[in-house]
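In the numbering used here, the protein residues as written are 179 to 459.
Even for Gly, the Cβ is constructed at its ideal location relative to N, Cα and C.
Since the structure is predicted, the reported quantities are computational estimates derived from the model, not experimental observations.
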Ligand code: NAP
């Protein structure tokens, strides 16, 4: 039977460990500051932002949630970003995605100070990660790497397959796995014979956004399955991209949904804010 990688428990442990680092910073007169700009009233974004606020407050951060109407102009939003870039009390800054159509996401991402870019989406941070010298790392793949560490899953020389090539999950995940000396294949919607490609994997990371797409035909015996997918079904259930229940007897480790990658993503955002504040010292 597969061992569950308990993301919820690891996220709690990660945040507990951060408390001491926050206390050390406060002793030096620095309170980690996280500013989140939420544009409009997208229901999913509101839930994510509330989660971030809760985590930030429970860790004793200086937490700002800046809620602005969907009608805000790009120039006004840029002005806000600029103000937080210049605000000494703010160490981490993110603009919750998605943004309304009249605002260019790339322009906003580019305006964030790379040193404060706790989402790790700025091209400077993407580029540094690509070059093997990361400053800020996208939180989902960062959290997945922490899972491998926690469960002593050695990546060196292993075959890793990442399904999905987005800038926020698939690509940075592939980079981090390469840095950890795995041999990485990146698969996507044009990949031929996807189940066959996936069956090569000792480590299979799935980030597609299609409920239960990855079945037991995609996995080889003993593989480690990391499922980053988050899909809401019409019946209200929340499921991943992998049909984990039918893989249980085949694979060695597996992440649940919910309670797997999601909580770690949140925890790594907090850790990255602390890291940004520590760099200030
Ligand atoms: P995205 O930007 O939509 O990218 C999806 C990727 O999956 C694309 O590269 C796409 O390929 C690939 N894909 C789509 N259909 C496919 C198919 N039939 N076969 C193979 N590949 C296919 O999504 P994302 O932002 O990376 O997110 C992926 C999933 O992770 C979503 O469920 C999202 O909610 C979840 N997520 C979770 C967290 C978390 O905290 N747990 C954070 C971020 C995202 P092409 O490039 O060829 O189109």
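For residue i, the residue or residues it bridges with in DSSP
i: residue 364; result: 340
i: residue 402; result: 381 and 431
i: residue 388; result: Bridge partners of residue 388: none, in fact.
i: residue 217; result: 246
i: residue 182; result: 432
i: residue 201; result: DSSP, once it has assigned bridges, lists no residue as partnering residue 201.
i: residue 420; result: 392
i: residue 251; result: DSSP output for residue 251 lists no bridge partner at all.
Residue i, buried or exposed, once every other Cβ within 10 Å from all chains shown has been counted against 16
i: residue 353; result: buried
i: residue 319; result: buried
i: residue 241; result: buried
i: residue 225; result: exposed
i: residue 309; result: exposed
i: residue 264; result: exposed
i: residue 416; result: exposed
i: residue 350; result: buried
i: residue 276; result: exposed
i: residue 423; result: exposed
i: residue 230; result: buried
i: residue 411; result: exposed
i: residue 179; result: exposed
i: residue 201; result: exposed
Simplified DSSP assignment, three categories, for residue i
i: residue 264; result: coil
i: residue 236; result: helix
i: residue 223; result: helix
i: residue 396; result: helix
i: residue 271; result: strand
i: residue 295; result: strand
i: residue 478; result: Since the displayed the chain opens at 179 and closes at 459, residue 478 lies outside it and no answer follows.
i: residue 409; result: strand
i: residue 211; result: strand
Worksheet item: Whose CB is closer than 7 angstroms to a heavy atom of the ligand NAP? List the residues in chain order.
Response: 318, 341, 342, 343, 344, 346, 347, 348, 365, 366, 367, 368, 369, 372, 385, 386, 387, 388, 391, 406, 407, 408, 409, 419, 439, 440 and 443
Fill in: Complete alpha helix (DSSP H) runs within the segment 305-351 (minimum length 4 residues, chain order)
317-328
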